[in-house]
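Asker: First residue of the sequence shown: 1, per our numbering; consecutive thereafter.
Beta carbons: idealized from backbone N, C-alpha and C, even for Gly.
This structure is a prediction, so every number in the text was calculated from the model and none was measured.
Mind having a look at this structure? Questions to follow.
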Amino acid sequence: MKRSVFTLTLIAAALGLTACGKKEEAPVAAPAAPVAAPAPAVLVGLAIPETHVERWVGDAEYMKKDLEAMGYKVDVAFADADQSKQNKQIEDMVTKGAKVIVVGSVTEAAAQAVESAKAAGVPVISYDRLITGTDAYDYYLTFDNFKVGQLQGEAIKAGLALDTAKGKNITLFAGSPTDNNARFFFDGAMDVLKPYVTSGALKICGPAPTNSADDTWSKITTEGWAADKAKARMETLLSGACKSVKLDAVLAPNDTLARSIIGALEQDGKYKTLPIITGQDGELLSAKWIMEGKQTMTVFKDTRVLAKGTAEAVDSIIKGTAPALTVKARTDTTTYNTGKKVVTSFLLEPVAVTKDNLTKELVDSGFYTAEAVAKGTK
Ligand code: BGC
């Protein structure tokens with residue numbers, strides 16, 4: 001008996017055969033588009049020299065934030081003003097796979113770590129302080145350090161009316177001899193003050209270098225930018241070389257040292273009115289002291305902008321291009337010589353801050369709140 005077409009169709013369906021004899025596919029969901037595992041974030045190292053000077057904590061914080069916003073992973077290490085510690089931190093960053101390392105160095109011995117990083121294919125950016133004694137890196141971001149000193153010198157010149165005054169007394173302090181910036185600050189200040197020393201309008205008590213290349217410069221430096229060292233030196237001056245003069249001004253290279261010098265002057269008791277005292281960094285307690293008239297001025301360097309420019313430079317280097325910065329910076333290809341080569345430098349503008357413009361520069365700019373300035377702490 002011939003089977004009906006109907007019966008055959010049923011059998012075929014039961015066997016799961018199609019008309020052309022193939023097994024019918026069970027319906028499956030359309031395969032999802034392949035999801036790529038997220039690329040591990042590129043690592044950037046930030047080797048920061050110290051925390052005993054307040055600004056560096058901010059430098060690290062701002063750069064970390066800017067780089068993270070660009071999608072980078074950030075490793076921050078503080079060196080406690082110890083170069084061998086920092087060199088180990090830099091080696092560590094290379095081992096962890098950092099693609100660029102930003103280094104605010106402590107001493108010239110940073111050069112070794114920079115050279116090993118370069119040998120491992122990791123470029124370094126010199127941050128704020130020039131890394132000397134090596135040609136193993138290409139870019140340096142900082143403020144105009146000579147100008148910082150000039151602003152300090154100008155404040156003393158104006159405060160003592162040096163164009164008309166006679167026989168004003170000053171004593172001199174400089175930063176750490178291991179920090180290339182310390183020379184720039186001092187030479188900038190003396191660029192303004194030296195003519196008055198020559199004319200006799202300004203008399204220096206204690207060691208009297210007028211240039212960082214002078215032999216006596218080492219006598220006014222402050223190893224490691226240590227506040228206790230500056231205080232001890234000021235005490236020695238007050239009981240020795242400057243005992244019989246009334247000081248009209250003290251050239252202090254930064255706020256941390258300015259405050260320790262003020263401490264020594266207050267402790268001495270002889271000064272009912274403090275001499276003119278310069279500073280740098282716009283530290284919070286110094287801001288309060290400037291408003292109170294204890295410290296005359298500071299030089300504000302907006303580290304938020306330096307951090308942003310540096311993050312941009314890091315990003316350019318990782319992308320294989322020369323640094324393209326949106327922040328306002330002057331490119332300088334002649335001034336900063338490591339001893340092995342002149343490094344392309346990006347210089348930001350420092351600003352002199354006194355009681356008159358402190359609110360505008362430090363509060364209105366959002367750097368501090370008015371409450372923090374009034375308290376001298378956050
Ligand atoms: C920086 C200053 C700072 C000093 C001590 C210098 O290299 O430029 O801003 O006050 O180091 O940390």
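Can the beta-carbon of Gly-167 be found closer than 7 Å to that of Lys-203?
Answerer: Taking the first residue of the sequence shown as 1, we reach residue 167 at position 167. Taking the first residue of the sequence shown as 1, we reach residue 203 at position 203. In this structure, Lys-203 lies closer than 7 Å to Gly-167 by Cβ.
Asker: With DSSP as the reference, please indicate the residues paired to Arg-183 in a beta bridge.
Answerer: One-based indexing of the sequence shown puts residue 183 at position 183. Arg-183 pairs with nothing; no bridge assigned.
Asker: Closer than 6 Å to a non-hydrogen atom of ligand 1 - does that hold for the CB of Asn-181?
Answerer: For the purposes of this step, residue 181 is taken as the residue at position 181 of the sequence shown. Under cutoff, so the answer is yes.
Asker: With DSSP run on the structure shown, which of helix, strand or coil describes Ser-244?
Answerer: Along the sequence shown, one-based indexing puts residue 244 at 244. Ser-244 falls in the coil class under three-state DSSP.
Asker: For the alpha helix (DSSP H) that Thr-303 lies in, which residues bound it at each end?
Answerer: As a working note, residue 303 is residue 303 in the sequence shown. It spans 303-318 - the alpha helix (DSSP H) in which Thr-303 sits, taken as one unbroken run.
Asker: Can you tell me where the alpha helix (DSSP H) holding Tyr-336 begins and where it ends?
Answerer: By one-based count along the sequence shown, residue 336 stands at place 336. Premise fails: Tyr-336 is in no alpha helix (DSSP H) and is neither H nor E.
Asker: Put Thr-377 into one of helix, strand or coil per three-state DSSP.
Answerer: Numbered from its first residue, the sequence shown carries residue 377 at position 377. If DSSP states are grouped into helix, strand and coil, Thr-377 belongs with coil.
Asker: Got a sec, what are the start and stop residues for the beta strand (DSSP E) Asn-169 sits in?
Answerer: What you label residue 169 is simply residue 169 of the sequence shown in a count that begins at 1. Element bounds for Asn-169: 168-172.
Asker: Take Tyr-127 and list the residues in its own chain whose beta-carbon comes closer than 7 Å to its own, dropping the five residues that flank it on each side.
Answerer: Within the sequence shown, the letter at position 127 stands for residue 127. Closer than 7 Å at the Cβ level, and outside the excluded window around Tyr-127, lie Val-102, Val-103, Gly-104, Leu-141, Thr-310.
Asker: According to DSSP, simplified to helix, strand and coil, what is Thr-359?
Answerer: In the sequence shown, counting from the first residue as 1, residue 359 sits at position 359. Correct three-state label for Thr-359: helix.
Asker: May I ask you to report which of helix, strand or coil DSSP gives Gly-45?
Answerer: In the sequence shown, residue 45 corresponds to position 45, counting from 1. It is a strand residue.
Asker: Would you mind stating whether Thr-171 and Cys-242 have Cβ atoms separated by less than 7 Å?
Answerer: Along the sequence shown, one-based indexing puts residue 171 at 171. Along the sequence shown, one-based indexing puts residue 242 at 242. Yes, the Cβ-Cβ distance between Thr-171 and Cys-242 is below 7 Å.
Asker: Can you grab the Cα-Cα spacing for the pair Phe-173 / Thr-221, in whole Å?
Answerer: In the sequence shown, counting from the first residue as 1, residue 173 sits at position 173. In the sequence shown, counting from the first residue as 1, residue 221 sits at position 221. Cα-Cα distance, rounded: 6 Å.
Asker: Buried or exposed: where does Thr-333 fall if 16 or more other Cβ atoms within 10 Å of its Cβ makes it buried?
Answerer: Here residue 333 refers to the residue found at position 333 when the sequence shown is read from its first residue. Thr-333 is exposed by the Cβ-count criterion.
Asker: Take every Cβ of the region 130-144, pair it with every Cβ of the region 65-82, and state whether three or more of those distances are shorter than 8 Å.
Answerer: no
Asker: In whole angstroms, what separates the C-alpha of Val-122 from that of Trp-289?
Answerer: On the sequence shown, position 122 is the one that residue 122 refers to. On the sequence shown, position 289 is the one that residue 289 refers to. Computed Cα separation, rounded: 43 Å.
Asker: Give me, in chain order, the residues of the same chain whose beta-carbon lies closer than 8 Å to that of Ile-376; leave out the 5 immediate sequence neighbours on both sides.
Answerer: Counting from 1 along the sequence shown, the entry for residue 376 is found at position 376. One point to set straight first is that residue 376 is Gly, not Ile, in the sequence displayed. Excluding sequence neighbours, Gly-376 sits near Leu-284, Leu-285, Ala-287, Lys-288, Trp-289.
Asker: In or out: Asp-59 buried (at least 16 other Cβ within 10 Å) or exposed?
Answerer: Stepping through the sequence shown from its first residue, residue 59 is reached at position 59. Flag for Asp-59 reads buried.
Asker: I need the straight-line Cα distance from Gly-339 to Thr-134, nearest angstrom please.
Answerer: Residue mapping note: residue 339 aligns to position 339 of the sequence shown, counting from 1. Residue mapping note: residue 134 aligns to position 134 of the sequence shown, counting from 1. Rounded to whole angstroms, Gly-339 to Thr-134 spans 7 Å at the Cα level.
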